[in-house]
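Notes follow once the structure below has been shown.
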Amino acid sequence: MSIWEYANPVKFMRLSGAILPWVAAAAAICTVGGLVWGFLTPQDYRQGSTVKIVFLHVPAAMMAINIWVMMLIASLIWLIRRHHVSALAAKAAAPVGAVMTLIALATGAIWGQPMWGTWWEWDPRLTSFLVLFLFYVGYIALWSAIDDADSAADLTGVLCLVGSVFALLSRYAVLFWNQGLHQGASLSVAPGERMSAVYRYPLYLSMLGFFLLFLALLLVRTRTEIRRRRLAALQAREMRT
Amino acid sequence: MTLLSVHDLAVARGGIRAVEGVGFSLSAGQALILRGPNGIGKTTLLRTIAGLQPPVAGQIAMPEDAAAYAAHADGLKLALTVAENLRFWARVFGGDDGGIGTALAAMDLAALADRPAGFLSAGQKRRLGLARLLVTGRRLWILDEPTVSLDGASVARFGAVIRAHLAQGGAALMATHLDLGLAEARVLDLTAFRAVPGRRAEPAGFNEAFA
Amino acid sequence: MTLLSVHDLAVARGGIRAVEGVGFSLSAGQALILRGPNGIGKTTLLRTIAGLQPPVAGQIAMPEDAAAYAAHADGLKLALTVAENLRFWARVFGGDDGGIGTALAAMDLAALADRPAGFLSAGQKRRLGLARLLVTGRRLWILDEPTVSLDGASVARFGAVIRAHLAQGGAALMATHLDLGLAEARVLDLTAFRAVPGRRAEPAGFNEAFA
Amino acid sequence: MIELGKYAGTVLTAYGVSGLLLAGIIWHSIAANARARRALEKQVKHG
Amino acid sequence: MLALLTRDLVLATRAGGGFGLAVAFFLILCALVPFGVGPQTAALRPIAPGMLWIGALLACLLSLDRIFALDHEDGSLDLLATAPVPLEGVVAVKAIAHWITTGLPLVAAAPLFGVLLHLPGAATPWLIASLLVGTPALSMLGAFGAALTVGLRRGGLLLSLLVLPLYIPTLIFGTDIVRRAAAGGDPATPMLFLAGITALVVALMPFAAAAALRVNLR
Amino acid sequence: MLALLTRDLVLATRAGGGFGLAVAFFLILCALVPFGVGPQTAALRPIAPGMLWIGALLACLLSLDRIFALDHEDGSLDLLATAPVPLEGVVAVKAIAHWITTGLPLVAAAPLFGVLLHLPGAATPWLIASLLVGTPALSMLGAFGAALTVGLRRGGLLLSLLVLPLYIPTLIFGTDIVRRAAAGGDPATPMLFLAGITALVVALMPFAAAAALRVNLR
Ligand code: HEM
Ligand SMILES: Nc1ncnc2c1ncn2[C@@H]1O[C@H](COP(=O)(O)OP(=O)(O)OP(=O)(O)O)[C@@H](O)[C@H]1O
Ligand SMILES: Nc1ncnc2c1ncn2[C@@H]1O[C@H](COP(=O)(O)OP(=O)(O)OP(=O)(O)O)[C@@H](O)[C@H]1O
Ligand SMILES: [Mg+2]
Ligand SMILES: [Mg+2]
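Protein sequence lines, in the order shown, are assigned to chains Y, F, C, U, B and H. Heads up: the first sequence at position 209 corresponds to 209 in the UniProt record's numbering, and the numbers run straight through without jumps. Heads up: the second sequence at position 150 corresponds to 150 in the UniProt record's numbering, and the numbers run straight through without jumps. Heads up: the third sequence at position 159 corresponds to 159 in the UniProt record's numbering, and the numbers run straight through without jumps. Heads up: the fourth sequence at position 34 corresponds to 34 in the UniProt record's numbering, and the numbers run straight through without jumps. Heads up: the fifth sequence at position 131 corresponds to 131 in the UniProt record's numbering, and the numbers run straight through without jumps. Heads up: the sixth sequence at position 185 corresponds to 185 in the UniProt record's numbering, and the numbers run straight through without jumps.
Structure (structure tokens):
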């Protein structure tokens, strides 16, 4: 059985219905566990208790980017293979991605106040996140503005593709424009500059939790979209006869 | 010579098949009139044949660059004069400006040639939209309700234009509710081809994939 | 009781008189159909009587708040449902929501009440536009080409609605090219009233003042 | 209660805001899903 | 009248209705300014009041053609003009609906955008107050411009051109309020002027707009 | 193709066609900025490059919905899609026509507006050069946005929302050129980037726009 089989709405509903409770439970355990564990970590000698924000900030930032990538892949699958469920999955993921971006922005802003003495700084990392947020908003707005589902799926798919290119382009443009304050990637595999293990393991758990949370939300929202489509399809059929 | 042959065609609107299993062919000198109640899918069928939307199933075969499409909206620029409008379409279709005079005369617009299209009455606008067909130089005319808002005299004049086109080896596919006085035209009633709703192996769109 | 009396009316479009010297009167229970070739000025005349533009000359007399106007455009909001659309117009005309059910039933829209107007076919939209007349509670209906895009069954239904309206002491003034099957209606052909062009003592606009 | 030092406000706001946003999206997802399911069931029953 | 207001608000929240788009546009504009003038606080802070007001003004401007154009296209405006409601009332209600769907969200979102442009915190309440008092005038003046251009195909740019000069007094006093507040001064005087302008506009413009609308409908 | 270009240009010069409106909008915006930020040279000079570019961008943005909407409404777009011209070519020609009617006049008028905002004289040639190189990308990206939203009732604000983020790289490099030139630096590097973006956009966007248009026409 190929993976494409699951793009069939009926199979998807059955499979997603079966795994959803497990994913949701795992998401709850990991997210709550990671955040609580993170909250109980000792204070950093430099940043004081504000390090605890990292357990929200970094997973959210990571998911904000990954969800966009997932939407890009789903859009490509729709545009090339015309699997309806993957178009709906892209639609379903967008609001979650927007919220993740918002969390990264909000926690970053709150963190910036004590660390940099300002709520907002036009740092390249921050700025590219704002741009990413704009792309999410535009994508969601385009979906909701088009009545016909097939056109909406196609057009938002094209927008997602073009938007990805320009999101990357903006990232480089922004780097060119302003050198920033924001820390580099300290989770990188390069040894030496690694974050102390006290913070690293709860961070890993919290990242897993955010990922599972996204997965659970994605399943729920895709199921919602499928139901809405089914309702619309039944109504359209009834109307035609 | 066959100008259009349609085989087992299914077309969809709003993600649902409207008609399916439609088949016919049109040779030079023939006209076919599509009939059917409101909403059966005449416009959709014509748009599909004109290439504006992909068919859901079936084949459409016609010589390359043979068809000219005319719909409800005439594509007129109200700020341009009658002649300028025609000249634009003649050039887009690669013709020269010589045919414009003939087209204007055929639709009784010669006196209005230098008037901006915005100052025409509804019926005159429609006549200009039909005159456009004559400057395209295309042999297959695809016409959606061509006589809407024309009065009796203009309908008769349009009938004559169609007849002349057929006599020159052209063909015409038309959807209309009204009588055009074209006795030689065949009639295809689409009511028999109304698509049966339901889920398909090859859905036309979301509405069929999820029905 | 006279619901509308028009005396020596002249109306203008684009600054030029279209028809002049028009006079007629409509009592309760009467219907009048305006006829004439394209561009004679039927729409202009109806808009003037509805109060959307001032007459160039002549008098229009009717009881206050008696007329309801329905034009080509139905004024429907595609994002609202059928019932919501009607409810809006009922409230604007100061009616209660009770009449909506009757209006929906009269135009065979009851089954579609909760559907967004954007999902209706052209004929259904038109029926909704006509149902609006029933919720206005007005006695004089001014209708511009009311049966455009209606199929045969719907035209007959509309004829019945008009007849019921007349029987209840209403009146209707309509412009149409098609046959509505209203044998009892009088017909006024506007061709005889076509305005003679030229400069006037009382110009309708720049175009006449400078002619 | 664990000691948060002088940044207690900052940390708590960060957790609070994020919690609200997460709760919002979770609630929205579940509510919309329930609404869609009810609407579909109603349609299947009556339509 | 109330029916019209609720209908317009319902329409704004339905798909494609455009509720919240003005805020999104405002956000984008505020994000563009630093790209234009540079990211330094020193560069942003002095221009923040002006940019915030210009942003609000443009966000408002871009949605003006929605006020009448849709109703004109689908014929609702003709029917409303023949309905038993005064056209002045229709204009006023339309302007109110426009304000609720664009002005009010802008007011609500303004503090956030103030942060983006490094507006001093002390000035934020005054920013909100000035927008609250000033944006109704923007909507009402916009309704007048929209009434003037309603019949025109794509009047958008022309509409902006007609309305922008009318916005200048509001803009001047609005920014002055915020600028004074940011500099620690007393913004009461410009606030008074701003309130006066709004009162004047709201009292008189419905009549001008209704007159323009009548001309465009005939 | 040429017929389409000349038709669009002729239409732009006829009544209500909108030729010159972009420049007028640009002028008004440049006039608003001093009201917003204060008239002192010291206040204006540092923000002049950014404001000029933001003004050009907004003037361009406001006229975007004209690119396809009119042709869609009157049915021309359907007929063009069935005519023997590739849709990609139609999109490109439309974008060129938009650029000639809005971008080019802006380039020509830019020196004047530079003076209004106290841009240092040395930067003016670079302002012109950057606009000349950058505005074609704005028009082409705008055509893409317009193709995405062409079927929508009043897509204006949505169109802005979709297109503005796409404008950010162009804006960044464009202003950077002018800013560096105004500061006496060397603007060659950002100029190179800007030219690269424009080349990329002009080469690829017609295909994306034509694809979007096809979806909207069916
Ligand atoms: C609104 C503001 C902010 C945004 C949008 C933002 C965005 C991001 C992003 C996207 C990442 C992920 C980087 C990666 O995984 O490679 C990240 C990581 C991080 N951010 Fe922020 N940030 C913001 C403010 C701040 C502030 C104010 C601080 C603290 C002073 C901060 C500290 C960190 C740290 C420590 C990491 C982890 C870096 C790592 O280990 O990879 N951020 N931020
Ligand atoms: N945008 C749309 N979304 C969903 N369904 C639509 C849409 N447009 C049309 N339809 C439906 O598609 C069907 C076919 O429409 P089409 O316009 O082809 O009919 P037609 O035969 O041309 O009718 P008419 O005689 O009124 O011209 C109709 O039932 C209509 O309700
Ligand atoms: N905007 C306009 N500017 C100038 N003249 C116009 C304008 N609109 C219409 N006309 C002219 O006014 C005259 C009357 O038009 P009107 O719409 O009243 O005709 P009608 O009798 O309703 O025609 P139809 O049968 O097509 O509905 C026509 O000759 C038309 O050419
Ligand atoms: Mg049709
Ligand atoms: Mg008429």
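Backbone N, C-alpha and C define an ideal beta-carbon position, used for all residues, glycine too. Everything numeric in this text was worked out from a predicted model, so none of it was measured.
When C-beta distances to chain B are compared with 8 angstroms, the residues of the region 34-50 of chain H below that value are F35, G36, V37, G38, A43, P46, I47, P49 and G50, in chain order. About 6 angstroms separates the Cβ atoms of R139/F and A171/F, confirming a contact at the 8 angstroms cut-off. The Cβ-Cβ distance between E20/F and A183/F does not fall below 9 angstroms. In the three-state reduction of the DSSP assignment, I40/F falls in the coil class. Selection A203/B, L200/B, A123/B and D74/B evaluated against G185/B yields A123/B as nearest (Cα-Cα). With a 10 Å radius around the Cβ and a threshold of 16 neighbouring Cβ atoms, G50/B comes out buried.
Within the region 86-117 of chain Y, the residues whose Cβ lies closer than 8 angstroms to any Cβ of chain U are, in chain order, P95, V96, V99, L102, I103, A106, T107, I110, W111, Q113 and P114.
Between ligand 2 and the CB of L120/C, the shortest heavy atom gap is smaller than 8 angstroms. A straight-line Cα-Cα distance of about 13 angstroms links Q53/C and I16/C. What G118/C touches in chain Y, judged by beta-carbon distance under 8 angstroms, is D147, going in chain order. Residue contact with chain Y for R66/H: absent (no Cβ-Cβ distance below 9 angstroms to any residue of chain Y). The C-beta of E64/F has fewer than 16 other C-beta atoms within 10 Å across all chains shown, which makes the residue exposed. For A24/B, the C-beta contacts it makes with chain Y under 9 angstroms involve L134, V137, G138 and A141, in order along the chain.
Interface with chain F (9 angstroms Cβ-Cβ cutoff): G129/C is excluded. Where D8/B is concerned, the enclosing alpha helix (DSSP H) starts and stops at L2 to T13.
In this structure, the alpha-carbon of L52/H lies about 7 angstroms from that of G114/H.
Per DSSP, Y7/U has no beta bridge partner at all. In the pairwise beta carbon analysis, the region 89-107 of chain B is classified as not touching the region 161-168 of chain B: fewer than three pairs are separated by under 8 angstroms.
Between V85/H and M205/H, the C-beta spacing is not below 9 angstroms. For W122/Y, there is no enclosing beta strand (DSSP E), as DSSP gives it neither H nor E. The region 87-111 of chain H is shown to contain whole alpha helix (DSSP H) runs of 4 or more residues at 87-98, in chain order.
Within a 10 Å sphere around the beta-carbon of S27/F sit fewer than 16 other beta-carbons, which makes this residue exposed. Cβ proximity to chain H below 9 angstroms picks out V162, G163, V165, F166, A167, L169, S170, Y172, A173 and V174 from the region 162-175 of chain Y. Residue environment analysis places M63/Y among the buried positions, since at least 16 neighbouring C-beta atoms fall within 10 angstroms of its C-beta. Leaving aside the five residues that flank G134/H on each side, the residues in its chain whose CB is nearer than 6 angstroms to its CB run, in chain order, T170, G174 and L194. Put simply, the backbone Cα of L150/F is about 20 angstroms away from that of V155/C. A residue is called buried when at least 16 other Cβ atoms come within 10 angstroms of its Cβ; T43/C meets this threshold and is buried. Taking 8 angstroms as the cut-off, the C-beta of L45/F counts as close to a heavy atom of ligand 2. Inter-segment contact for the region 50-60 of chain Y and the region 124-136 of chain Y is absent: fewer than three beta-carbon pairs are separated by less than 8 angstroms. A Cβ-Cβ contact shorter than 9 angstroms links I100/F with R87/F. The beta-carbon of D108/C is placed no less than 9 angstroms from the nearest beta-carbon of chain B. When Cβ pairs closer than 8 angstroms are counted between the two stretches, the region 86-98 of chain H is seen not to touch the region 24-34 of chain H, the count staying below three. At a threshold of 8 angstroms, D144/F counts as near ligand 2, since its beta carbon sits closer than that to one of the ligand's heavy atoms.
Only L77, D78, L79, L80, A81, T82, A83, P84 and V85 from the region 77-99 of chain B bring a Cβ to less than 9 angstroms from some Cβ of chain C.
Within the region 25-85 of chain H, no run of beta strand (DSSP E) at least 3 residues long lies entirely inside it. DSSP places R171/Y inside the alpha helix (DSSP H), whose first and last residues are A149 to W177.
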